[in-house]
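Student: Chains A and B are the protein sequences, given in the same order. Quick note: the first sequence uses this note's numbering, first residue 3, plus one each step. Quick note: the second sequence uses this note's numbering, first residue 5, plus one each step. Yeah, the Cβ is synthetic: ideal placement off N, Cα and C, and Gly gets one too. First, the structure itself, so that you have it in front of you.
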Amino acid sequence: MPTGGTITALCTPAGASVRAMIRVSGPDVCDCVLKLFGITLGDRGVFQARCQLGDRDLPVQVVWYLGPKSYTGEDTIEIMLPGNRTLVGRVIDCLLGCDGVELAGPGEFSARAYLNHRLTLQQAEGIALRIAAEHEDELEAAGALLDGSYGDQCNQWATEITTLLALVEAGVDFSDQEDVIPIAPCDLHARLGVLLDAVVAQIGTASGDRVHSDLPKVVFVGKPNAGKSSLFNALLGIKRATVSDQAGTTRDVIIEQMDLAKHVPGAGSVELVDLAGVGEAAIDMIDASAQTRALEVIEEAAVILWCDPAGVFDAANIALPTATPIVRVRTKSDLPSSSVQTTESMNTLSVCALDGTALGSLERAIADAVSRRTGSGVGVFVPRHRRALIDSKDGIDAAIGRVDSTRRVIEEPELVAIGLRDALDALGELIGEVSPDDVLGRVFATFCVGK
Amino acid sequence: MNTRFEVIVVGGGHAGVEAAWAAANRLGTAGSVALVSLDASKIGVMSCNPAIGGLAKGQLVREIDAMGGVMGLIADATGIQFKVLNTSKGSAVHGPRCQSDNIAYAQTAQALIKARPEIEIIEGTVEEILTNQSEITCVQGVRVLVDGQERMLNAPTVIITTGTFMRALMHMGSEQTAGGRFGEQTASGISNSLNELGFELGRLKTGTPPRLAIETIDWESLAVEAGDVEPIPFSELTPTGWQLGEVNCDQFPLIEQVTCRQSSTNLQAHEIIRNNLDRAPMFTGQIESQGPRYCPSIEDKVVRFHERDSHGVFLEPESHSSNWVYCNGIATSLPSDVQDEIIKRMPGCENAKIVQYGYAVEYDMVRPHQIYTTGQTRAVRGLFFAGQINGTSGYEEAAAQGLIAGLNAAMLAQEGEAYEGFSFGRDEAYIGVLMDDLVTKTPREPYRMFTSRAEHRLILRADNAPDRLTPIAQRLGLLGHDLGRKRWELFTARKESLERGRVLLGELRDGEKTLAQRLLDPDFTMDLLKDAMTESFGTHSTGIWRTLHSDTRYEPYIERQRGQIKRNRELEHRPLPDWIVYSAFESMRNEARQALDKFRPTTFGQASRLEGVTPADITLLSVLIKRARAAKREAKQEAAPD
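As structure tokens, then:
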């Protein structure tokens with residue numbers, strides 16, 4: 003949480019809404035306004051402005067607070083605009099294009115408000131606690147999601163960047179070792195090119211945000227008596243579906259709307275869909291037809307909640323669509339797991355419908371999975387993640403710019419390394435930090451060093 | 005014999021020498037510093053590789069020199085081959101290095117120490133670290149055995165630099181000998197003392213290769229490894245010469261230069277090693293402690309990189325006054341008969357005689373989360389640790405810590421209660437990176453500096469070390485000695501030259517562009533800069549040209565890094581009070597709480613670098629700390645009578 007710079011973020015929920023508010027706080031606010039709206043700020047006040055977004059002009063309302071009389075105690079503007087995710091994303095991109103402006107970290111506005119004596123200790127502590135908890139949830143939810151192809155991809159990129167950085171650093175820190183032959187510029191250039199294309203493609207799929215007319219369907223899938231209906235009720239906070247210890251209680255398709263934004267700031271509404279259990283032999287004719295119907299509904303799912311009280315998630319009996327994001331839930335987490343081989347550590351959420359354990363994490367995982375659904379194939383799921391990918395791309399770009407593939411050796415590896423380090427740090431926001439020690443570890447594992 | 009000092013340094017290795025030197029520089033009073041060594045003739049001895057500097061280590065030496073330290077001076081006066089490594093790359097990662105005449109090195113170190121009236125050398129064994137028993141434990145001195153007689157030495161500060169000598173155990177095959185260096189003793193009294201004071205100790209391992217008799221090597225048949233044609237010294241003082249006591253460095257290089265040779269191991273040698281792994285202490289379980297991955301033994305290399313059929317061995321003459329040759333690349337603790345067999349298989353060494361066999365040494369270290377970045381221990385006021393005792397390896401890393409500990413001990417002795425301590429930031433010096441890493445990371449192997457550890461390495465260069473640090477040394481009062489005053493004069497002249505040079509860079513042109521703009525192109529080398537500027541700027545030392553070139557070449561990157569540094573500064577230096585009870589922060593995640601409780605960071609910056617502490621934890625921490633402060637204030641007010 004660096005302080006002192008200028009930060010920006012969306013401060014209203016990220017879904018579709020009538021109005022959205024983007025806050026910018028810090029010393030560069032005046033420069034930002036001048037650059038974005040062509041307006042020189044005077045005293046505090048409200049004014050109308052037009053924000054240039056490509057070939058379009060977006061009318062916005064700007065509220066200007068001169069520090070210290072603002073929420074954060076610093077110079078602050080609040081930009082009001084229609085609550086459309088695409089527009090919000092583009093305005094934030096414009097802001098980040100201004101010198102010195104960075105995306106706000108978790109709770110950073112509040113932290114600044116507190117440090118500038120604009121919040122009392124009680125207020126600040128409350129906010130800090132909530133942020134810490136949300137951050138935990140977010141990490142957990144992201145962990146659950148990263149089980150999917152998106153996480154695999156990020157991890158693959160990070161691994162490749164780490165490897166390339168290790169090769170470059172080996173050429174710097176161990177060039178006195180006859181055993182170490184650093185990577186040739188043409189190889190490095192080629193591998194970075196492949197990486198860049200992949201990341202750029204990924205960012206491309208995320209930028210064309212579509213508006214969905216139907217609410218995304220979040221479908222509960224699991225064997226009979228897996229606890230799907232209990233979880234369904236727990237999420238809704240009402241006893242909508244009939245629950246019993248008897249396998250096969252649910253036979254109809256039950257659909258209820260749920261507003262995730264109540265608990266997950268920035269998320270929209272979804273349809274929760276409870277189904278008959280699948281994956282076991284039908285007990286009667288009615289059950290057989292319920293299972294058939296269930297399989298059809300699963301095909302339409304935006305997100306699948308795969309429920310399994312054993313935490314095993316054996317794919318042998320249940321055919322799930324490969325392109326749909328899956329959130330794995332170990333239900334009935336109050337009961338001891340029946341299998342020693344639970345995959346709990348592998349990005350599974352353990353949830354108990356009875357006492358509400360980890361329901362917050364689950365909601366967050368659902369929200370992330372829903373926003374990931376946009377675009378074709380695997381998309382970027384939250385704006386923060388998209389920003390991380392763009393930063394990563396910029397780093398790779400900068401590194402490539404410093405590699406002359408016609409040369410025999412990399413002439414300024416220390417500058418190449420800066421780009422790679424930036425790219426890796428950006429991805430680190432998604433998959434965890436890769437430290438200099440990790441990079442050195444890779445060098446030691448790859449090369450025989452030590453004269 | 006004097007028994008009252010301001011600073012007592014225990015140990016005369018590279019950390020001890022630098023600590024005594026820095027303390028003497030700061031104190032400037034005769035007899036204020038005691039240097040206690042088991043054997044005064046072993047002060048400044050190079051236990052392993054006879055070389056100073058190298059990648060990242062060369063930067064450390066330059067920084068020590070810029071701070072008025074002694075390592076660069078000794079290295080310049082005793083180097084027998086100088087070479088800047090990585091010159092094909094940008095100057096940020098250039099690594100000045102020299103081969104040293106190791107006998108001359110120790111003699112010169114001893115002569116320079118003797119020439120400082122501030123330092124008194126005491127030959128003896130430290131039996132106990134003396135502390136008082138009041139509310140805050142403070143060091144009071146040491147109990148020393150001198151010539152069989154017990155002596156109490158008193159001082160408000162004691163610096164322990166015992167290197168590999170604490171409960172040291174040497175291994176060669178199944179043979180085990182107590183001692184930290186071949187033929188020398190071990191220091192067990194200090195280990196016991198540290199245990200009693202409650203320090204958590206760890207154990208590490210390091211190793212050294214066999215030494216050969218030069219006349220038994222077919223020297224001329226081997227490929228030559230030569231130094232730079234135009235050698236560059238470490239110290240800013242050396243180009244114009246310096247003199248202190250018996251040491252007169254009036255030319256450079258001062259002593260005759262030598263070349264090294266290259267040999268290698270082969271498949272047969274590897275086969276011998278494989279067949280004898282059951283006698284290798286590294287593999288039999290006889291050695292349990294962790295050795296450095298960056299400096300593996302030859303048996304380790306053969307096992308881990310089994311696909312390789314040869315490993316390079318550099319043969320480095322150790323001294324003009326001995327026939328010993330250091331076999332760089334085959335550190336080993338295999339039994340002596342196996343070492344003989346390996347050597348015989350190396351080209352040029354078929355008939356070579358080993359004059360000292362390689363061995364491994366296991367030793368105690370104090371886990372370094374127990375010190376501050378000043379080197380002072382958290383548990384005992386006035387007690388400092390520097391060097392290998394903190395789990396590092398390398399002469400340069402040791403000397404850097406010695407410098408910091410010596411400076412801080414002297415400051416504490418002078419300032420008493422008002423002492424606040426001095427340490428470098430990670431953006432100021434490699435020394436800062438080193439100390440910060442020590443107090444925020446769990447050591448898993450002996451710590452060695454690499455340039456990749458320094459996130460601001462474009463700023464932390466060897467060439468600009470004086471610009472970064474000499475003004476700090478001046479401010480800290482480290483340049484009061486004759487050599488220090490001379491250093492300041494040279495620095496002032498350098499500063500003026502650089503300023504004039506920078507003005508010219510903006511004025512002179514190369515075609516359309518100014519030289520400053522031209523320097524942003526990768527093809528505009530330092531030699532081209534010289535050609536373009538000499539006419540109006542005059543002739544200058546390589547140091548000036550290098551800095552002019554690099555500062556401008558890296559400017560866009562440096563500016564960006566400085567922006568980041570500035571943004572982080574407030575948080576980086578925001579202090580964390582030492583009375584905080586982290587276990588009471590119940591709203592904080594367990595992992596973060598435990599990490600904070602163990603490492604007890606002194607700033608938010610340090611806290612943010614601990615393993616297991618996330619940015620969200622730091623936000624929460626800032627609020628919890630404020631709350632704890634408020635609660636403490638309240639409690640104080642209630643306790644105070646109206």
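Report yes if the CB atom of B:Ile236 is closer than 8 angstroms to the CB atom of B:Pro100, and no otherwise.
Tutor: As a first step, residue 236 of chain B must be located in the second sequence, where it is residue number 232. As a first step, residue 100 of chain B must be located in the second sequence, where it is residue number 96. Yes, these two residues count as a Cβ contact at 8 angstroms.
Student: Please list, in chain order, all residues of the same chain as B:Val13 whose beta carbon is under 6 angstroms from its beta carbon, the five residues on each side excluded.
Tutor: For the purposes of this step, residue 13 of chain B is taken as the residue at position 9 of the second sequence. For B:Val13, where only same-chain residues beyond five positions count, the Cβ hits under 6 angstroms are Gly20, Ala23, Ala24, Leu39 and Ile163.
Student: Exposed or buried, B:Leu387, counting other C-beta atoms within 10 Å across all chains shown (16 or more means buried)?
Tutor: Translated into the one-based positions of the second sequence, residue 387 of chain B becomes position 383. Classification of B:Leu387: buried, given that the 10 Å Cβ count is 16 or more.
Student: Which ranges would you report for the alpha helix (DSSP H) in the stretch 30 to 113 of chain A if only whole runs of at least 4 residues count?
Tutor: 31 to 39 and 87 to 98
Student: Taking 7 angstroms as the cut-off, does the CB of B:Asn355 come closer than this to any heavy atom belonging to the ligand NAP?
Tutor: Within the structure as shown, the ligand NAP is missing, as the structure has no ligands at all.
Student: What residues in its chain sit with their C-beta under 8 angstroms from that of A:Gln259, if we drop five residues either side in the sequence?
Tutor: One-based indexing of the first sequence puts residue 259 of chain A at position 257. The answer, listed in chain order, is Leu217, Ser271, Val272, Glu273 and Leu274.
Student: Can you check DSSP and say which residues form a bridge with B:His175?
Tutor: Counting from one through the second sequence, the residue named residue 175 of chain B turns up at place 171. DSSP, once it has assigned bridges, lists B:Gln180 and B:Ala364 as partnering B:His175.
Student: Output needed for A:Asn319: all residues of its chain with C-beta closer than 6 angstroms, excluding positions within five of it in sequence on either side, in chain order.
Tutor: On the first sequence, residue 319 of chain A is found 317 positions in, with the first residue counted as 1. Taken in chain order, the residues that qualify are Gly281.
Student: Going by beta-carbon coordinates alone, are A:Leu426 and A:Thr161 separated by less than 8 angstroms?
Tutor: On the first sequence, residue 426 of chain A is found 424 positions in, with the first residue counted as 1. On the first sequence, residue 161 of chain A is found 159 positions in, with the first residue counted as 1. For A:Leu426 and A:Thr161, no; Cβs fall outside 8 angstroms.
Student: For the stretch 421 to 436 of chain B against the stretch 461 to 473 of chain B, are there 3 or more C-beta pairs whose distance is under 8 angstroms?
Tutor: yes
Student: From the beta carbon of A:Ala143, is the nearest beta carbon of chain B less than 8 angstroms away?
Tutor: Here the question's residue 143 of chain A lines up with position 141 in the first sequence. With a pLDDT of 47 at A:Ala143, under the threshold of 50, the modelled position of this residue cannot be trusted, and the question is left open.
Student: Counting only C-beta atoms, is A:Leu148 closer than 8 angstroms to chain B at any point?
Tutor: Mapped onto the first sequence, residue 148 of chain A falls at position 146. Confidence in A:Leu148 is poor, its pLDDT being 46 and thus under 50, which makes the residue's placement too unreliable to answer from.
Student: Using a Cβ-Cβ cut-off of less than 9 angstroms, list which residues of the stretch 390 to 417 of chain A approach chain B; keep chain order.
Tutor: For the stretch 390 to 417 of chain A, the beta-carbon criterion of a distance under 9 angstroms to any beta-carbon of chain B is satisfied by Arg404, Asp406, Val411, Ile412, Glu413, Glu414, Pro415, Glu416 and Leu417.
Student: Just to confirm, are B:Val11 and B:Gly410 a CB contact at a threshold of 8 angstroms?
Tutor: Walking along the second sequence from the start, residue 11 of chain B turns up at place 7. Walking along the second sequence from the start, residue 410 of chain B turns up at place 406. The criterion of a C-beta distance shorter than 8 angstroms is satisfied by B:Val11 and B:Gly410.
Student: Find the nearest neighbour of A:Asp175 within the set B:Leu198, B:Leu89 and B:Glu322, judged by alpha-carbon distance.
Tutor: In the first sequence, counting from the first residue as 1, residue 175 of chain A sits at position 173. A:Asp175 has its Cα closest to that of B:Leu89, out of B:Leu198, B:Leu89 and B:Glu322.
Student: Determine the chain A residues that contact B:Thr455 at a beta-carbon separation under 7 angstroms, and present them in chain order.
Tutor: Indexing the second sequence from 1 puts residue 455 of chain B at position 451. Neighbours of B:Thr455 on chain A, chain order: Val174 and Asp175.
Student: Provide the residue span of the alpha helix (DSSP H) that contains B:Phe603, from first to last.
Tutor: Start at 1 with the first residue of the second sequence, and residue 603 of chain B comes out as number 599. First-last of the alpha helix (DSSP H) with B:Phe603: Asn594 to Phe603.
Student: Any beta-carbon of chain A closer than 8 angstroms to the one on B:Gly429?
Tutor: Sequence index remark: in the second sequence, residue 429 of chain B carries index 425 (1-based). Taking Cβ atoms only, chain A never reaches closer than 8 angstroms to B:Gly429, which makes this a no.
Student: Which partner residues does B:Ala85 have in the DSSP bridge list?
Tutor: Here residue 85 of chain B corresponds to residue number 81 of the second sequence, with the count starting at 1. Here the sequence assigns Gln to residue 85 of chain B, which means Ala is not the residue at that position. Paired residues: B:Gln103.
Student: Is there a Cβ from chain A that is less than 8 angstroms from the Cβ of B:Gly58?
Tutor: Here residue 58 of chain B refers to the residue found at position 54 when the second sequence is read from its first residue. Cβ-Cβ to chain A under 8 angstroms: yes for B:Gly58.
Student: Quick check on DSSP: helix, strand or coil for A:Val255?
Tutor: Along the first sequence, read from residue 1 onward, the residue named residue 255 of chain A stands at position 253. The answer is coil: DSSP assigns A:Val255 none of H, G, I, E or B.
Student: In chain A, which residues lie with their C-beta within 8 angstroms of the C-beta of B:Ala96?
Tutor: The residue labelled residue 96 of chain B in the question sits at position 92 within the second sequence. The answer, in chain order, is Glu416.
Student: Since B:Pro526 meets chain A, which of its residues come closer than 7 angstroms, beta carbon to beta carbon?
Tutor: By one-based count along the second sequence, residue 526 of chain B stands at place 522. Correct list: Glu413 and Glu414.
Student: Please name the residue in A:Ala192, A:Tyr67, A:Phe49 and A:Leu60 whose C-alpha comes closest to that of A:Pro29.
Tutor: One-based indexing of the first sequence puts residue 29 of chain A at position 27. Nearest of A:Ala192, A:Tyr67, A:Phe49 and A:Leu60 to A:Pro29, Cα basis: A:Tyr67.
Student: So that I know if they touch, is there some Cβ in chain B lying closer than 8 angstroms to that of A:Pro438?
Tutor: Taking the first residue of the first sequence as 1, we reach residue 438 of chain A at position 436. Closer than 8 angstroms: yes.
Student: I'd like the span of the alpha helix (DSSP H) that includes A:Thr294, first residue to last.
Tutor: Position 292 of the first sequence holds residue 294 of chain A. Note, A:Thr294: alpha helix (DSSP H), Met287 to Glu301.
Student: What's the gap between the Cα of A:Leu147 and the Cα of A:Val441?
Tutor: One-based indexing of the first sequence puts residue 147 of chain A at position 145. One-based indexing of the first sequence puts residue 441 of chain A at position 439. Reliability of the predicted coordinates at A:Leu147 is poor, the pLDDT of 47 falling under 50, and no value is obtained from them.
Student: Going by C-alpha distance, which of B:Thr455, B:Thr518, B:Val365 and B:Leu205 is nearest B:Glu188?
Tutor: In the second sequence, counting from the first residue as 1, residue 188 of chain B sits at position 184. The option with the nearest alpha carbon to B:Glu188 is B:Val365.
Student: Measure from the C-beta of B:His315 to each C-beta in chain A and report whether the shortest distance is under 8 angstroms.
Tutor: Taking the second sequence and counting its residues from 1, one reaches residue 315 of chain B at position 311. Judged by the 8 angstroms Cβ criterion, B:His315 is in contact with chain A.
Student: Answer with yes or no whether the minimum CB distance from A:Ile185 to chain B is below 8 angstroms.
Tutor: If you number the first sequence from 1, residue 185 of chain A lands on position 183. So, not an interface residue.
Student: Which complete alpha helix (DSSP H) runs does the stretch 165 to 247 of chain B hold, if anything under 4 residues is left out?
Tutor: 193 to 200
Student: Assuming B:Thr141 is part of the alpha helix (DSSP H), what are its boundary residues?
Tutor: In the second sequence, the residue the question calls residue 141 of chain B occupies position 137. Segment: none, B:Thr141 is in no alpha helix (DSSP H) and carries neither H nor E.
Student: Who are the near neighbours of B:Thr112 in its chain, counting only those whose CB is closer than 6 angstroms to its CB and skipping five residues on each side?
Tutor: Here residue 112 of chain B refers to the residue found at position 108 when the second sequence is read from its first residue. Once the five neighbours on either side are set aside, the close Cβ partners of B:Thr112 are Ile78, Ala81, Thr82 and Val251.
Student: Exposed or buried, which one is A:Met287 when buried takes at least 16 other CB atoms within 10 Å?
Tutor: The residue you call residue 287 of chain A lines up with position 285 of the first sequence. That one is exposed.
Student: Rank B:Ser95, B:Leu59 and B:Ala634 by C-alpha distance to the C-alpha of B:His553 and give the top, closest one.
Tutor: Against the second sequence, residue 553 of chain B aligns to sequence position 549. Here the closest residue by C-alpha is B:Ser95.
Student: What residue from B:Arg573, B:Ile622 and B:Gly379 has the CA that sits closest to B:Gly3's CA?
Tutor: With chain B running from 5 to 646 in the structure shown, residue 3 of chain B is simply not present.
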